[in-house]
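The numbering of the sequence shown is this note's numbering, which starts it at 32 and goes up by one.
Beta carbons: idealized from backbone N, C-alpha and C, even for Gly.
Treat the numbers as computed from the prediction; the structure is a model and nothing was measured.
The next block holds one structure in the form of structure tokens; read it before the comments.
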Amino acid sequence: MCLSACPTSLIPACTSTPTKPTPPVFRAIQRARSSGKNRNNLTSTGNRIPFRVATRAAISSRRRLFAENRRAKMLFEAHVSKKRRTRGDKSLASSAAPIARWGRFSEFILRRKSMTKQRRADLMLLFTVLFWGISYIFLDECLRYAQPMTICAIRFTVGFAVVALFSFKKLRRISRATLLYSAAVGFFLAICYICVTVGVTMTSMSNAAFLCSLPVVMTPLFGLLLFRKRPSPRLALAIVIATTGVALMTLTESLRLGPGDLICILCALAYSFDLLLTERALARDDVDAHQLGVLQLGFAAVVELGATFLFERPQALPVAFDFWWRVLFLAVFCTGLAFLIQSLAQKDTSASHVGLIFALEPVFASVAAFFIAGERLAVRGYLGGALLLLAVVVMEAGPLKRKQKESTLR
Numbered sequence: 032m033c034l035s036a037c038p039t040s041l042i043p044a045c046t047s048t049p050t051k052p053t054p055p056v057f058r059a060i061q062r063a064r065s066s067g068k069n070r071n072n073l074t075s076t077g078n079r080i081p082f083r084v085a086t087r088a089a090i091s092s093r094r095r096l097f098a099e100n101r102r103a104k105m106l107f108e109a110h111v112s113k114k115r116r117t118r119g120d121k122s123l124a125s126s127a128a129p130i131a132r133w134g135r136f137s138e139f140i141l142r143r144k145s146m147t148k149q150r151r152a153d154l155m156l157l158f159t160v161l162f163w164g165i166s167y168i169f170l171d172e173c174l175r176y177a178q179p180m181t182i183c184a185i186r187f188t189v190g191f192a193v194v195a196l197f198s199f200k201k202l203r204r205i206s207r208a209t210l211l212y213s214a215a216v217g218f219f220l221a222i223c224y225i226c227v228t229v230g231v232t233m234t235s236m237s238n239a240a241f242l243c244s245l246p247v248v249m250t251p252l253f254g255l256l257l258f259r260k261r262p263s264p265r266l267a268l269a270i271v272i273a274t275t276g277v278a279l280m281t282l283t284e285s286l287r288l289g290p291g292d293l294i295c296i297l298c299a300l301a302y303s304f305d306l307l308l309t310e311r312a313l314a315r316d317d318v319d320a321h322q323l324g325v326l327q328l329g330f331a332a333v334v335e336l337g338a339t340f341l342f343e344r345p346q347a348l349p350v351a352f353d354f355w356w357r358v359l360f361l362a363v364f365c366t367g368l369a370f371l372i373q374s375l376a377q378k379d380t381s382a383s384h385v386g387l388i389f390a391l392e393p394v395f396a397s398v399a400a401f402f403i404a405g406e407r408l409a410v411r412g413y414l415g416g417a418l419l420l421l422a423v424v425v426m427e428a429g430p431l432k433r434k435q436k437e438s439t440l441r
């Protein structure tokens, strides 16, 4: 942040005041005043700019810099007063601190804000994975009353209706890019759920759980092949550790590929493309994260309803209360709210990062099964869960080290 444009009455005198090149608009005004040429023929960087437009741009730029410097000063003074209360450090008590220290403090604030967004995104994604881990217990009970695709269709339809009802004001103006990306993401999301629903009935539960967790590996791989986005060495190490942990938690016998296993691999592929498309969409300025999170549920519901009518025979919906309160929990919390939170959180992180956090789903599912259904893991299951937690620690070690370095400015 440059402080040279701030009025001298608001900043202390300093011999090492940083300099900044004069903006082109200022230089154009200076040339016009010195040369006395016609103001309407004022040019800047080869383009004709009216004198009135250039003057307004210069004034707005100066006001913006003044506001930024004023905010930096207020943040610094609040920081100093906090230090005086906590540590009694009188070396920072004077309000006439050097401008260079203000610059360092403002940079620290900006880095801290970006780091806070990353932490918030991680917590939101962990909240989503917690819902999905609990969903297995409720889904197992719902399958006693209805067919699998029927349950998926109800989940997405009700989830979309509830989230859209509370997000009505945000859905008034939808850009074309948001609509197209929502359709693509919703399609891959529906394919993912259809494949996992069919694949579980054609293979063992352990094979399905392991193969459906492969997005932790496929997401950075396809990101590298399609978008030339290379994962960091730390993230690559965390992915290897997480894959090993998932294998220890889910595989109980030799992995033999059959038709159901291939369908589960297709599920992992679809969800990897879902994460990459979401990351690609949220990188655009004309795509709203909230609208994307809501509309993808609507498109997925349409695909799920079509698959239900195509692949399942008509059957009356159950009337049991035990079925409906569980399926409503799956629809509202594990589908509508969960995917909306994912879209909002993925705006501040990468698809590979999201895939690694989603690898913790077997851990939350095992914890939920232990407390709700009384199921226990074998020794290798606990070892796999420990490796998954270690992968998250390895992934977060870099931001923690940066936070320790930045704490020296406090």
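What residue range is occupied by the uninterrupted alpha helix (DSSP H) comprising residue i?
| i | result |
| --- | --- |
| residue 310 | 290-313 |
| residue 224 | 207-231 |
| residue 336 | 320-342 |
| residue 364 | Where residue 364 is concerned, there is no enclosing alpha helix (DSSP H), given that its DSSP letter is neither H nor E. |
| residue 266 | 264-281 |
| residue 392 | 392-399 |
| residue 404 | Residue 404 -> no alpha helix (DSSP H), and no H or E assigned at all. |
| residue 387 | 382-389 |
Measure the CB-CB distance between residue i and residue j and report whether it falls below 7 Å.
| i | j | result |
| --- | --- | --- |
| residue 339 | residue 152 | no |
| residue 361 | residue 166 | yes |
| residue 290 | residue 176 | no |
| residue 191 | residue 329 | yes |
| residue 184 | residue 335 | yes |
| residue 223 | residue 298 | yes |
| residue 281 | residue 253 | no |
| residue 208 | residue 277 | no |
| residue 2 | residue 267 | Only positions 32 to 441 of the chain appear in the structure, and residue 2 is not among them; the question remains open. |
| residue 160 | residue 367 | no |
| residue 225 | residue 422 | no |
| residue 250 | residue 412 | no |
| residue 313 | residue 260 | no |
| residue 392 | residue 230 | no |
| residue 162 | residue 365 | yes |
| residue 182 | residue 403 | no |
| residue 331 | residue 187 | yes |
| residue 244 | residue 390 | yes |
| residue 321 | residue 201 | yes |
| residue 228 | residue 292 | no |
| residue 155 | residue 399 | no |
My output table needs one value for residue i: the three-state DSSP class, helix, strand or coil.
| i | result |
| --- | --- |
| residue 199 | coil |
| residue 234 | coil |
| residue 351 | coil |
| residue 345 | coil |
| residue 172 | helix |
| residue 147 | helix |
| residue 120 | With a pLDDT of 45 at residue 120, under the threshold of 50, the modelled position of that residue is not reliable, and the figure given next carries that caveat. Three-state DSSP puts residue 120 in coil, outside helix and strand. |
| residue 245 | coil |
| residue 178 | coil |
| residue 259 | coil |
| residue 186 | helix |
| residue 411 | helix |
| residue 357 | helix |
| residue 317 | coil |
| residue 154 | helix |
| residue 422 | helix |
| residue 136 | Residue placement at residue 136 is flagged as unreliable, the pLDDT there being 49, under the threshold of 50; the coordinate-derived value follows with that caveat. In the structure shown, residue 136 sits in a helix (DSSP, three-state: H, G or I). |
- Query: Just checking, does the region 416-423 make contact with the region 302-320 on the three C-beta pairs under 8 Å criterion?
  - Reply: These segments do not touch.
- Determine, using beta-carbon pairs with one atom in the region 400-407 and one in the region 368-383, whether at least three such pairs fall under 8 Å. no
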